[in-house]
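Each remark here refers to the structure printed beneath this line.
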Amino acid sequence: MDIPAISLSRSGPLLRLVSETPAQMVAPPARRPPQSLAEILADQGIISQDMRLKAVALQRHQDLPIGEILMAHGKITEEQLRDGLCQQYGAEPLDLLIRPAMPSLARLLPAKTAIALNVLPWRRAGQALIVATSRPDHDAAIRAAFGPDQPLIIALASQSDMQAALIRTYGDELARLAEARVPQSSSCRNWNVRRRAPVLLLSVLILGGVAWAAPVMVAALFYGIALLFFISNTGLKLAALAATLRQPVAAPPSNMLRLQPPGQPPPLHRQPVVSLLVPLLREKDIACQLVKRLSRLEYPRELLDVILILEADDTTTRRALADTELPSWMRAITIPHGHPRTKPRALNYALNFARGSLIGIYDAEDRPQPDQIRTIVRRFAESPPKVACLQGRLDYYNATHNWISRCFTIEYASWFRLMLPGVQRLGLFVPLGGTTVFLRRTALEAVGAWDAHNVTEDAELGLRLMRHGYQTEIVRTTTFEEANSAILPWIRQRARWLKGYGMTWVTHMRNPVTLWRALGPRAFWGFQLQILGTVMGFLTAPCYGAFRWCPLACRTRWTRC
Numbered sequence: 004m005d006i007p008a009i010s011l012s013r014s015g016p017l018l019r020l021v022s023e024t025p026a027q028m029v030a031p032p033a034r035r036p037p038q039s040l041a042e043i044l045a046d047q048g049i050i051s052q053d054m055r056l057k058a059v060a061l062q063r064h065q066d067l068p069i070g071e072i073l074m075a076h077g078k079i080t081e082e083q084l085r086d087g088l089c090q091q092y093g094a095e096p097l098d099l100l101i102r103p104a105m106p107s108l109a110r111l112l113p114a115k116t117a118i119a120l121n122v123l124p125w126r127r128a129g130q131a132l133i134v135a136t137s138r139p140d141h142d143a144a145i146r147a148a149f150g151p152d153q154p155l156i157i158a159l160a161s162q163s164d165m166q167a168a169l170i171r172t173y174g175d176e177l178a179r180l181a182e183a184r185v186p187q188s189s190s191c192r193n194w195n196v197r198r199r200a201p202v203l204l205l206s207v208l209i210l211g212g213v214a215w216a217a218p219v220m221v222a223a224l225f226y227g228i229a230l231l232f233f234i235s236n237t238g239l240k241l242a243a244l245a246a247t248l249r250q251p252v253a254a255p256p257s258n259m260l261r262l263q264p265p266g267q268p269p270p271l272h273r274q275p276v277v278s279l280l281v282p283l284l285r286e287k288d289i290a291c292q293l294v295k296r297l298s299r300l301e302y303p304r305e306l307l308d309v310i311l312i313l314e315a316d317d318t319t320t321r322r323a324l325a326d327t328e329l330p331s332w333m334r335a336i337t338i339p340h341g342h343p344r345t346k347p348r349a350l351n352y353a354l355n356f357a358r359g360s361l362i363g364i365y366d367a368e369d370r371p372q373p374d375q376i377r378t379i380v381r382r383f384a385e386s387p388p389k390v391a392c393l394q395g396r397l398d399y400y401n402a403t404h405n406w407i408s409r410c411f412t413i414e415y416a417s418w419f420r421l422m423l424p425g426v427q428r429l430g431l432f433v434p435l436g437g438t439t440v441f442l443r444r445t446a447l448e449a450v451g452a453w454d455a456h457n458v459t460e461d462a463e464l465g466l467r468l469m470r471h472g473y474q475t476e477i478v479r480t481t482t483f484e485e486a487n488s489a490i491l492p493w494i495r496q497r498a499r500w501l502k503g504y505g506m507t508w509v510t511h512m513r514n515p516v517t518l519w520r521a522l523g524p525r526a527f528w529g530f531q532l533q534i535l536g537t538v539m540g541f542l543t544a545p546c547y548g549a550f551r552w553c554p555l556a557c558r559t560r561w562t563r564c
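Each step along the sequence shown adds one to the number in the working numbering, with nothing skipped, and position 40 is 43.
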């Protein structure tokens with residue numbers, strides 16, 4: 004039976020499958036390219052010989068294809084890279100926008116495998132399968148993924164075309180996985196306030212009845228509870244302060260200090276790729292400024308992988324990005340519709356497309372210090388594998404805007420410079436912030452990434468990391484962001500934090516014995532103070548303040564009489 008000719012590109016030579024029987028349609032084994040990609044591009048006059056030598060020198064110290072290095076530095080375009088790879092590997096170019104893949108073939112490869120290998124089943128040609136990829140160097144792994152009995156023909160597409168095609172093909176499946184990535188036992192996705200509403204209402208009615216019958220006793224009980232949580236929270240803060248002031252900042256390992264001259268940082272033989280996830284939502288004027296801020300980061304461009312995460316119906320941010328020219332090391336990913344529409348769901352989805360072994364989180368308005376990524380990479384290199392997370396410090400660039408922003412600045416300074424370092428040194432869990440968080444990808448995926456249903460996913464992730472035996476450290480690097488300068492945004496922010504803390508406490512206290520064994524006695528009781536104590540401290544603060552003023556008010560009234 005003859006196999007019809009199939010065109011894989013709209014221009015240039017056409018790939019025509021010769022008339023062979025299915026038994027003869029076995030792709031030949033991959034052969035070593037006779038000429039390197041850098042030499043091909045130099046011969047074509049796309050790059051200079053000097054640039055070729057520089058790219059080859061960079062590749063010796065980085066686990067990256069030389070094409071990605073050249074593209075990150077703006078020396079070649081995606082189309083030039085694709086055409087050069089086609090000449091190098093003897094393949095044909097494929098335009099996935101004009102000739103998209105057949106959706107029915109997606110079942111041949113799991114979504115995670117397809118994204119990891121950057122490959123997509125495209126068409127069938129008799130017994131052979133034509134697959135599209137932008138990474139022909141993954142040839143052996145691609146063939147192994149489909150099995151030895153499946154003949155393959157590999158065609159090449161550009162990186163942006165491959166990303167768009169993978170999202171079209173597997174996007175809905177990945178969105179569903181992002182909503183339930185954390186195991187049920189550690190997630191709050193079965194949180195149902197309506198189910199507990201009758202119990203809460205009954206408790207309020209009973210408490211109201213007791214207060215009506217014995218108001219003095221109930222008042223004394225409330226005051227005692229409020230006083231207990233006030234003393235506990237104050238004691239925890241004082242202990243953290245003492246630990247911060249008593250213990251010096253952790254020094255690099257002694258073996259590194261011996262190998263390196265005084266004052267010089269330890270060498271890094273191979274620096275890792277760092278993926279920075281930046282969720283965006285209705286950002287009208289932030290896109291251009293965001294690109295400028297992240298462009299100040301002093302880290303090799305070929306090792307930076309910035310992913311801007313957009314919601315499917317966020318036309319405001321999409322229009323802003325359309326008017327902004329993104330560098331080659333920065334790309335945008337749109338999340339399909341789904342529920343819940345939260346930041347952790349967006350992070351879970353984008354994590355599938357991240358290239359880095361280190362994952363960082365930024366907000367749209369962040370201004371990180373230029374040397375921040377280098378500091379983080381170096382600290383990870385110095386730390387043992389159990390140190391899975393590094394939390395940077397946050398500060399505000401509009402501290403003097405008004406009285407509220409000044410209060411926020413004081414609060415953040417005490418939290419990130421005194422409280423969190425002390426909590427870390429006391430051996431308690433570190434409630435992570437929503438930004439300037441950097442994680443080892445292996446550890447992040449081992450614990451299930453983020454809980455898409457928790458509104459304080461960062462703090463909950465810090466607890467789950469500790470439950471799995473990982474550690475979090477606070478590093479001396481600062482990111483500046485914009486402080487709330489109005490009352491209503493402050494109220495909404497604190498209400499969300501308290502709600503998330505409550506959800507985290509209820510979720511992880513389903514089985515207190517298991518939590519005790521995972522954390523140990525000290526961290527278990529610290530968890531009660533850090534989470535339950537914070538929530539109850541806020542809720543009982545009005546009661547505590549009112550009862551403190553009652554004796555003074557009564558004494559003043561008695562004196563006047």
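Yeah, the Cβ is synthetic: ideal placement off N, Cα and C, and Gly gets one too.
Put residue i into one of helix, strand or coil per three-state DSSP.
| i | result |
| --- | --- |
| Pro-124 | strand |
| Leu-262 | With a pLDDT of 39 at Leu-262, under the threshold of 50, the modelled position of that residue is not reliable, and no figure is offered here. |
| Leu-441 | In the sequence as displayed, the identity of residue 441 is Phe instead of Leu. Strand. |
| Gly-395 | strand |
| Ala-160 | coil |
| Leu-431 | coil |
| Pro-545 | helix |
| Val-390 | strand |
| Met-278 | Note that residue 278 is Ser in the sequence shown, not Met. Here Ser-278 sits in strand by DSSP. |
| Met-422 | helix |
| Glu-95 | coil |
| Thr-403 | coil |
| Arg-74 | It should be pointed out that residue 74 corresponds to Met in this sequence rather than to Arg. Here Met-74 sits in helix by DSSP. |
| Met-333 | strand |
| Phe-483 | strand |
| Val-59 | helix |
Excluding the five sequence neighbours on either side, which residues of its own chain have a C-beta within less than 6 Å of the C-beta of residue i, listed in chain order?
| i | result |
| --- | --- |
| Arg-525 | Gly-430 |
| Leu-239 | Leu-532 |
| Thr-247 | Leu-421, Pro-424 and Gly-425 |
| Ser-190 | Asp-454 |
| Ala-147 | none |
| Leu-350 | Leu-280 and Trp-453 |
| Ala-109 | Thr-172 |
| Pro-282 | Ile-312, Lys-346 and Ala-349 |
For residue i, I'd like the list of residues in its chain whose CB is within less than 7 Å of its CB, leaving aside the five on either flank, ordered along the chain.
| i | result |
| --- | --- |
| Arg-501 | A small correction: the amino acid at residue 501 is Leu; Arg does not occupy that position in the sequence shown. Excluding positions up to five away in sequence, the list reads Val-538 and Phe-541. |
| Trp-528 | none |
| Gly-395 | Gln-375, Thr-439, Val-478, Thr-480, Thr-481 and Thr-482 |
| His-471 | Ala-449 and Val-450 |
So, at 8 Å on beta carbons, what are the nonlocal neighbours of residue i in its own chain, with the 5 sequence-adjacent residues on each side left out?
| i | result |
| --- | --- |
| Tyr-473 | Lys-389, Val-390, Ala-391, Cys-392, Ala-446 and Val-450 |
| Arg-377 | Glu-301 and Tyr-302 |
| Leu-100 | Asp-164 and Ala-167 |
| Ala-217 | none |
| Gly-70 | Leu-40, Ile-79, Leu-84, Gly-87 and Leu-88 |
| Thr-507 | Cys-191, Asn-457, Thr-459, Ala-462, Glu-463, Leu-466 and Ile-534 |
| Ile-407 | Ala-486, Asn-487, Ser-488, Ala-489, Ile-490 and Trp-493 |
Taking the beta carbon of residue i as the centre, do at least 16 other beta carbons fall within 10 Å, making it buried, or is it exposed?
| i | result |
| --- | --- |
| Ala-41 | buried |
| Trp-215 | exposed |
| Asn-193 | exposed |
| Leu-241 | exposed |
| His-76 | buried |
| Ala-160 | buried |
| Gln-427 | buried |
| Met-105 | exposed |
| Ile-50 | buried |
| Asp-369 | buried |
| Pro-545 | exposed |
| Trp-332 | buried |
| Ala-94 | buried |
| Ser-188 | exposed |
| Ser-107 | exposed |
| His-342 | exposed |
For this session: List in chain order: all unbroken alpha helix (DSSP H) runs of 4+ residues lying wholly within the stretch 280-319.
Result: 290-298
For this session: Decide yes or no for the touch test of the stretch 364-375 against the stretch 417-427: beta carbon pairs closer than 8 Å, at least 3 of them.
Result: no
Problem set entry | Residue ranges of each alpha helix (DSSP H) within the stretch 162-243, 4 or longer | 162-182 and 196-216
Exercise. Quick one: any contact between the stretch 326-341 and the stretch 175-188, if contact means 3 or more CB pairs under 8 Å?
Worked result: yes
Exercise. Is there contact here, the stretch 71-84 with the stretch 317-324, by at least three beta-carbon pairs under 8 Å?
Worked result: no
For this session: Check whether the stretch 450-465 touches the stretch 276-288, counting contact only when three or more Cβ pairs, one atom from each stretch, lie closer than 8 Å.
Result: no
For this session: Assess, as a yes-or-no matter, whether the stretch 516-530 is touched by the stretch 434-441 under the definition of 3 or more beta carbon pairs within less than 8 Å.
Result: As far as the Cβ criterion goes, the stretch 434-441 does not touch the stretch 516-530, which means the pair count is below three.
Exercise. Can you find at least 3 beta carbon pairs, one from the stretch 395-413 and one from the stretch 481-494, that sit closer than 8 Å?
Worked result: The stretch 395-413 and the stretch 481-494 touch, with no fewer than 3 CB-CB distances between them shorter than 8 Å.
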